Every structure is written in C-alpha cells, then in structure tokens.
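Residue 299 in the working numbering sits at position 255 of the sequence shown, with consecutive numbering throughout.
The beta carbon of each residue, even a glycine, is placed where N, CA and C say it ideally should be.
Bear in mind the structure is a predicted one, so any value in this text is a computation, not a measurement.
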Amino acid sequence: MKLQTKLFIGGEFVDAADGATFPTYNPFDGSVIAQVAEAKAADVDKAVAAAKKAFPAWRDMPAMARGRLLLKLADAIEANAEELAQLESLDTGHPLRDSRGLDVPRTAVTFRYFGGMADKHQGSVVPVEAGFLNYVLREPLGVVGQVVPWNFPLMFTSWKMGPALAAGNTIVLKPAEITPLSSLRIAELMAEVGIPAGVVNILPGHGSIAGQHLAEHPDVAKIAFTGSTAVGRKIVQASASNLKRVQLELGGKGANIVFSDANLKAAINGSAFAIFHNQGQACIAGSRLMLHKNIADEFLEGFVKLAKSIKLGNPLDPKTEMGPLTSKLHQQRVLNYCQIAQQEGGKILTGGKAPDAPELAKGFFVEPTIVMAQPQDRICQEEVFGPFVSVNTFESDEEAIAIANSTEYGLGGGLWTTNLQRAHRVAGSMKAGMVWINCYKRVNPGSPFGGVGSSGYGREMGFEAMHDYTDAKSVWVNVDAQIPPHYPR
Ligand code: NAP
Ligand code: MG
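Here it is as structure tokens:
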C-alpha cells in the first residue's frame, strides 16, 4: 500500500513550508506507520489562497458537471474499497469488518448522494405583489474550512466535503492529527477523477496551530467543525474575526431507554451496537443505558454476556469485532473514567480495564465496560467516548424522560418499546437532534444529522446541509409595475 503523507495544496502533494513532520501510529501495536507533513499557519495561508483561486471556476461550473465529478469519486472509492478499508483500519484501529462494511460504503454512498444533489438544490420564486418578480438564488459561500476528529476520519470526508462541493464551495480540510492517512488518499482519488486543482486542499496538522489559524482566517467564509464541545467553543470565538458562519457537531451522551414492553433480544443486541461499535468512539453512541426496573436484571444478564463475548483483536483480522482505541492518550482517558466510576461508587459489571491477553498488550485496548451508576454521577454526565456504558434504572416514563434530558448534551438518543404511543411520545420529549426507535445509530445521507444544546448547531446531510453551505440572494425585478414616485415632484 502506497501512502500519501504530504500536504495536498493546489492539486499537488507538497512538503510543509518549514519541512515539519509528525508521526502517525498504528493503534494495534504502537508502531509508527509513517511521518506525515505538518501544516502550520503559512501552509494554511497557501491552501486558503489555492481554494480562493479555484472558487470562481468551480462555482460557475454547471451543477450537473460538479455532481458528475462527485459520482465519479464515489465510483473510485468503491473501486479502491479494500485498500481504503485496510488503510482506515491501520490508522484508526477500526475492525476491518467495520471499515469494509460501514466506513467505506458509507463514504461512497454519501459522495454519490451529494453528487446527485448538486443540480437539485434549487432556488425559489416568491409570490410577491403583482408587477414584480422576486426570485431567490442559493449561492455558494466561497472557501470553507472543515475540521474533523479522528473517530471516523474517512467517512467524515464525505459528510463534510460532499455537500460543500455539491453546492459549489472550495475547501480546506484539516483531518485530526492522529488519523491523517485516509483523507490524503481521498485527495489523490479526487485528483484522479478530475476534480480541479485547488478545489479541495487537505492539511494534516495540529488543531491548536493549523486548525486554529483556519478558524481565524479572514478569507474563510464558513468553518464546519466536528469534535469536542470544548474546541467547538474555541472555534466560535475564532470565527468572530470575520463573522464566518459556523456549523458545530459536538459531543454527545446518548440516552438509550429500554422500556418493560421492549423486545429484549433485539434491545440487547441493538444496545451493544449502540455503545460498542467503533470501540464506543462515536458522538452518537448510546452511552447511557436506562432500563425499566422490571426488566433490568434479565436485560443485564444478556447484555453483560454479549459484552464479554465480543472478540477483541488485531483490527486487520476480519474476525475481530472490537479493535483498540485510536490513541494511547485516549485509552488512558477512558481507563481514567473506569477509576472515576469506582470512586463515585459505581459497580463495574464487566470490563473496566485493558485486556490481559499478552497478544493485545501493545495495543490501546479497553475491554467492553458496563457500570451501574447514578444519573448525576460524572460518568453519566461527561462524554467518555469509549466502550464504556453507564446503566441506571427507572420506574415511569416521566422519570425516564427526565433522566434522558439531564445532561448538557442533545445529540442522539434511542428507545426500545412495542407500545406505539409511548414510542412517539417519548421520542417527541427527548432533548436530541436524532432519535432512534427500536434501532440505534442509523444514518443516511438524506437524513439531517446534528444536535442541540452543547452538542452544537447546524445540520449535516440532506437538503439541510446544502442549505447550510449556501446563502440566499433575493433578486427583485420590476416586470411591469407602475411605482408611484416616493418623492412626488
Ligand atoms: P477535538 O479534540 O475537539 O478535535 C477535533 C478536531 O479539532 C481535530 O482535528 C483537532 O485537531 C481540531 N482542533 C483541536 N483544537 C483546535 C483549535 N483550537 N482550533 C481548531 N481546531 C482544533 O475532538 P476529538 O477528541 O478529536 O474527537 C472526539 C470528539 O468529537 C468527541 O467529543 C465527539 O463527541 C466529537 N464528535 C462529534 C460528532 C458529531 O457529529 N456531533 C461526531 C464525531 C465526534 P488535533 O487532532 O490536532 O487535535
Ligand atoms: Mg494513527
């Protein structure tokens, strides 16, 4: 596998202006995969200038032609699917079966969706007074900055770039410093399918340096950010310089409520997927399991048994069901929450530590962890972002809703019940941008994705995303109106 490790600016892979590099690691054994060029302020300036130069031609290209390039990119991703899956698993630790089955297909599908969308996001005509025509154009913003985290680095290239490109913007994207490789490979495929130079620029580098400079940059019209709530606040402050638009997909603390009338078998399996898929490194993870007290024991018996059976291993082994966390620092953070759980009086039902198996000793693993806790405990309020789920019980629907809505976050949440009225009533009462009923963590490029409260604002996916990557321009035409003079003379 040939790796791209340089900055992608103006259609070329180049070294950083000062020649700086940083290592990216394999989370399974801690080895260095490659040294990657590190963008700093001068490189950000260069990339923004390249994107600015490319903007007019990209904006003015027929929307169908722009869309066609994204459709070609989707095809190229599928043609290189196995290589991309291996690359993503190598850099992030995602089990290959997930990279193959979810990350890569979702990336292709999302670019294809927005390729199809390019010529379908249209303006409107407003029914105004007789004699006038008023029409509204949707115009791209210009150069947009995009900053993404390390948990789904490949998939987020499509979520972020798909709508921005379809709408006619040009892009400077900064991947997370610990997972830069798959976005650089996507850049290479973009060049191969004919996306013009400068339309997309990719800058691996540190958030506090390259990311911050991008968020402050006066020539950047919008910054789209996925990451932690703490950094989201910094992005908002940085955006004030030129009042750039901001879209924030931040943390979450997903409530996953199992009612006493739920199909328990489905709920157990779905709740395990909700928290353990991707090692729990998902903003929408169902990280707070809430069980009706009548079914709690039966549910937990099955749930703990399933968690214990999840096969940890080398991400590149197709049989592996859970890989390592993506960085050593993050592994320490999650293990620290296991200690906090115990200090707060939580009861660890399984996990709570790195696995003992010697063949996993070098990897950044944490065992699937289930902890009984109280809703106000830190582990039920703060985002752990690992294979770590807190459990508490409730007795009434009202109590369940109150607990579900008791964190600062409001991203995704789920509920399991066979009662139709309860399902819709509780879904309507949840403080969340997304709710899943008798399923969890479903996403589709057509369905709005985003949160409320400390989970951010703005939406990705669908027409909502296209809307957020354009501005409305209202044009008034006097067709045959006789306008009485305002200043009769
Ligand atoms: P993070 O620390 O906020 O980093 C996210 C990105 O921001 C990285 O590329 C990071 O660069 C960059 N960054 C850091 N400081 C910056 C600054 N001052 N200015 C501009 N950019 C800066 O988050 P993370 O720990 O990587 O990711 C996990 C978080 O993302 C969790 O809270 C999770 O919930 C959230 N998330 C949200 C969603 C959603 O859709 N709502 C989806 C996935 C993840 P470096 O890598 O160099 O630090
Ligand atoms: Mg890595």
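Can you give me the Cβ contacts of residue i inside the same chain, cut-off strictly under 7 Å, excluding the 5 residues immediately before and after it?
{"i": "Val237", "result": "Leu113, Lys116, Leu117 and Ala120"}
{"i": "Pro362", "result": "Leu140 and Arg141"}
{"i": "Phe234", "result": "Strictly speaking, residue 234 in this sequence is Met, with Phe absent from that position. Cβ within range, chain order: Leu117 and Val244."}
{"i": "Ala516", "result": "Val180 and Arg182"}
{"i": "Lys97", "result": "Gly242"}
{"i": "Ala448", "result": "Ala299, Ile301, Met334, Gly457 and Met474"}
For residue i, report the span of its beta strand (DSSP E) as first-last.
{"i": "Trp520", "result": "Thr514 to Asn522"}
{"i": "Met505", "result": "Here Met505 belongs to no beta strand (DSSP E), and DSSP marks it neither H nor E."}
{"i": "Glu427", "result": "Premise fails: Glu427 is in no beta strand (DSSP E) and is neither H nor E."}
{"i": "Ser168", "result": "Ser168 to Val170"}
{"i": "Val535", "result": "Absent from the model: residue 535. The displayed extent of the chain is 45 to 533, so no value can be given."}
{"i": "Tyr69", "result": "Thr65 to Tyr69"}
{"i": "Gln79", "result": "Val76 to Ala81"}
{"i": "Lys391", "result": "Lys391 to Thr394"}
{"i": "Phe57", "result": "Glu56 to Val58"}
{"i": "Thr413", "result": "Thr413 to Met416"}
{"i": "Leu51", "result": "Leu51 to Ile53"}
{"i": "Leu459", "result": "Gly456 to Trp460"}
What does the Cβ neighbour count give for residue i, buried or exposed, with the cut at 16 atoms within 10 Å?
{"i": "Cys483", "result": "exposed"}
{"i": "Ile527", "result": "exposed"}
{"i": "His530", "result": "exposed"}
{"i": "Glu181", "result": "A quick correction: the sequence has Leu, not Glu, at residue 181. Classification for Leu181: exposed."}
{"i": "Asn70", "result": "buried"}
{"i": "Trp520", "result": "exposed"}
{"i": "Asn536", "result": "Any answer about residue 536 is impossible in this case: the structure gives the chain only from 45 up to 533."}
{"i": "Leu202", "result": "First, the residue type needs correcting, since residue 202 is Ser and not Leu in the sequence shown. Buried: at least 16 other Cβ atoms inside 10 Å."}
{"i": "Lys309", "result": "exposed"}
{"i": "Pro489", "result": "buried"}
{"i": "Leu496", "result": "Checking the displayed sequence, the identity of residue 496 turns out to be Val instead of Leu. Classification for Val496: exposed."}
{"i": "Arg332", "result": "buried"}
{"i": "Lys475", "result": "buried"}
{"i": "Arg503", "result": "buried"}
{"i": "Glu126", "result": "exposed"}
{"i": "Asn380", "result": "exposed"}
{"i": "Asn436", "result": "buried"}
{"i": "Asn322", "result": "buried"}
{"i": "Met510", "result": "buried"}
Residues in the same chain with beta-carbon distance under 6 Å from residue i, minus the five sequence neighbours each way, listed in chain order, please.
{"i": "Ala61", "result": "Ala86 and Asp87"}
{"i": "Pro532", "result": "none"}
{"i": "Glu122", "result": "Ala152"}
{"i": "Ala467", "result": "Thr461 and Ile481"}
{"i": "Leu198", "result": "Glu132, Asp147, Thr151 and Ser226"}
{"i": "Gly395", "result": "Glu411, Pro412 and Thr413"}
{"i": "Val191", "result": "Lys218, Gly255 and Phe269"}
{"i": "Phe303", "result": "His336 and Thr461"}
{"i": "Ile392", "result": "Val415"}
{"i": "Asn300", "result": "Ser315, Ala318, Gly330, Leu333 and Gly458"}
{"i": "Gly454", "result": "Lys475, Ala476, Gly495, Val496, Gly497 and Ser499"}
{"i": "Arg110", "result": "Ala162"}
Which residues in the same chain as residue i place their Cβ atom closer than 8 Å to its Cβ, once the five residues preceding and following it in sequence are excluded?
{"i": "Asp59", "result": "Lys50, Leu51 and Ala81"}
{"i": "Asn178", "result": "Val169, Val170, Val172, Ser518, Val519, Trp520 and Val521"}
{"i": "Gln48", "result": "Phe57, Leu225, Leu228, Arg229, Ala231 and Glu232"}
{"i": "Ala129", "result": "Leu140, Ser143, Arg144, Asp147 and Val148"}
{"i": "Ile267", "result": "Val188, Gly189, Gln190, Val191, Leu258, Ala259, Ile279, Ala282, Ser283, Lys288, Arg289, Val290 and Gln291"}
Which residues bound the alpha helix (DSSP H) around residue i?
{"i": "Gln383", "result": "Lys372 to Gln387"}
{"i": "Gly159", "result": "Val148 to Met161"}
{"i": "Gln465", "result": "Leu464 to Ser473"}
{"i": "Gly477", "result": "No alpha helix (DSSP H) contains Gly477, which DSSP labels as neither H nor E."}
{"i": "Glu443", "result": "Asp441 to Ala448"}
{"i": "Val487", "result": "Neither: Val487 is in no alpha helix (DSSP H) and is coded neither H nor E."}
{"i": "Ala94", "result": "Ala85 to Asp104"}
{"i": "Leu344", "result": "Ala340 to Ser353"}
Is residue i close to the ligand SAM? I mean its beta-carbon at under 7 Å from any heavy atom of the ligand.
{"i": "Phe429", "result": "Questions concerning the ligand SAM fall outside what the structure shown contains, since the ligands it does hold are the ligand NAP and the ligand MG."}
Strictly under 8 Å for the Cβ-Cβ distance: is residue i near chain C by that measure?
{"i": "Gly160", "result": "The structure shown contains no chain C; it is built from a single protein chain."}
ask   = Can you list, in chain order, the stretches of the alpha helix (DSSP H) that have 4 or more residues and sit fully within the stretch 294-337?
value = Contiguous alpha helix (DSSP H) elements confined to the stretch 294-337 occur at 308-320, taking only those with 4 or more residues.
message = Threshold first: 4 residues or longer. Then list the alpha helix (DSSP H) segments lying entirely within the stretch 112-145, N to C.
response = 125-136
request  = Please specify which runs of the alpha helix (DSSP H), each continuous and at least 4 residues long, are wholly inside the stretch 184-261, giving them in chain order.
outcome  = 197-210, 225-237 and 256-260
ask   = What beta strand (DSSP E) runs, 3 residues minimum, are completely inside the stretch 262-298?
value = 266-270 and 289-293
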